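Enquirer:
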Amino acid sequence: MTPLGLSLLTFNIGNPSPERAHRQLAWLAGRDEHVMVLTETKASAGCQLLASAFTGAGYQVTHAEPGPGEYGTMIVTRTTAVADDFGDKIGYLPSRAASAILPAPRGPIRVIGLYVPSRDASVDKTERKRKWLAACYTALTSVGAEMPVILAGDLNILEPGHKPRYPFFAPFEYDFYQALSDAHGLTDAFRHLHPDDAEYSWVGRTGDGYRYDHVFCSRSFCDLIADCHYVHQPRRDKLSDHSALTVRLNLAPPQTLPVSEPAVAAEPATLF
């Protein structure tokens, strides 16, 4: 049964093989969130399987086609939604952003899903991430006053006060996180409810934890955040190397679509 209020799940699916995509589909189909933001997608058989199965079951699937070797984000909704062009506003590596407008009873809400580029110590990957974050900052500025926003995904960025603090992260990465609040008027939903909790959505081989996966919402929604917590089951069950994050707002959702059980065994059409 779908809970009261508008609910959203963000989950890094790690560009799954078809076998792992089948298992992810079974888990995702059992979730009751209205919106699912799936990150680290690719033009692969596993991601096509997920998109095809959800589309065939009546869900609305919003995504951009990743270029060769590139990654993307997919938004799956069990409510009415209108595809949005936020990725085009970023321009650089646009498939890493997906966006949809939810025609909620209290007014439209823009849902933005992001898969921020990761990096290592190399100059090329550092500059790629810096360039993408700068383009995303500009795009967020351009849409900030249009309607309330829920922004979710794998940001590959840590909050400035993250514990433990890792020396690898650069000031420009922490600055982007801070700008989501200071410049764009968004609130970290998990931190709003759990100001002191140490939770991690990705754990490295050495056992060090990182809170990479986030949900932010417009400040006007702060008092409406009823729940926000990490769901570690998919990581423990090896559906992905990430935990999921779920949030529920005391907001009436848009009209629910007449969805059915996604066809687990169906082979995907070419949707990407």
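Counting along the sequence shown from 1, when you hit position 131 you're at 197 in this note's numbering, and nothing is skipped either side. Where is the CB? At the ideal position from N, CA and C, for every residue including glycine. Here the structure is a predicted model, which means the values were calculated and not measured.
1. Run through DSSP, which three-state label would I167 get?
2. Going by other Cβ atoms of all chains shown within 10 Å of its Cβ, with 16 needed for buried, is K195 buried or exposed?
3. Give the range of the beta strand (DSSP E) segment to which I156 is assigned.
4. Over what stretch of residues does the beta strand (DSSP E) that includes T204 continue unbroken?
5. Residues bridged to H100 by DSSP?
6. Excluding sequence positions up to five away, which residues of its chain have a Cβ less than 7 Å from the Cβ of L94?
7. Fully enclosed by the segment 253-288, which alpha helix (DSSP H) runs are 4 residues long or longer?
8. Within a Cβ cutoff of 7 Å, which residues of the same chain sit near P226, ignoring the five residues on either side of it in sequence?
9. Spatial neighbours of L199 within its chain, please: C-beta separation below 6 Å, excluding the five flanking residues on both sides.
10. Taking 7 Å as the CB-CB limit, is I175 close to chain D?
11. Below 8 Å on the Cβ atoms is my contact criterion, and I expect A170 with L317 to pass it. Report the Cβ-Cβ distance as a whole number of Å.
12. So, is A218 buried or exposed, given that buried needs 16 or more other C-beta atoms within 10 angstroms?
13. Say whether the segment 156-169 touches the segment 127-146, bearing in mind that this needs 3 or more beta-carbon pairs closer than 8 Å, one atom from each stretch.
14. Could you tell me whether the segment 134-144 touches the segment 96-113, using the rule of 3 or more Cβ pairs below 8 Å?
15. Terminal residues of the continuous alpha helix (DSSP H) containing A117?
Expert: Quick look at the numbers:
1. On the sequence shown, residue 167 is found 101 positions in, with the first residue counted as 1. Strand.
2. Here residue 195 refers to the residue found at position 129 when the sequence shown is read from its first residue. Classification for K195: buried.
3. To locate residue 156, count along the sequence shown from 1; it is residue 90. Counting along the chain, I156 falls outside any beta strand (DSSP E), though it belongs to the alpha helix (DSSP H) covering 152-156.
4. Start at 1 with the first residue of the sequence shown, and residue 204 comes out as number 138. Per DSSP, T204 belongs to no beta strand (DSSP E); it is in the alpha helix (DSSP H), 189-209.
5. Walking along the sequence shown from the start, residue 100 turns up at place 34. Bridge partners of H100: none, in fact.
6. Locating residue 94 in the sequence shown gives position 28, counting from the first residue. Hits under 7 Å: M102.
7. Listed in chain order, the complete alpha helix (DSSP H) runs (minimum 4 residues) inside the segment 253-288 are 255-259.
8. By 1-based counting over the sequence shown, the position of residue 226 is 160. So the list reads Y240, Y243, Q244, once near-sequence residues are dropped.
9. Here residue 199 refers to the residue found at position 133 when the sequence shown is read from its first residue. Answer for L199: F242, listed in chain order.
10. The structure shown contains no chain D; it holds only a single protein chain.
11. Here residue 170 refers to the residue found at position 104 when the sequence shown is read from its first residue. Here residue 317 refers to the residue found at position 251 when the sequence shown is read from its first residue. 6 Å between Cβ atoms; contact.
12. What you label residue 218 is simply residue 152 of the sequence shown in a count that begins at 1. Buried: at least 16 other Cβ atoms inside 10 Å.
13. yes
14. yes
15. Looking up residue 117 in the sequence shown gives position 51. Unbroken alpha helix (DSSP H) run through A117: 111-122.
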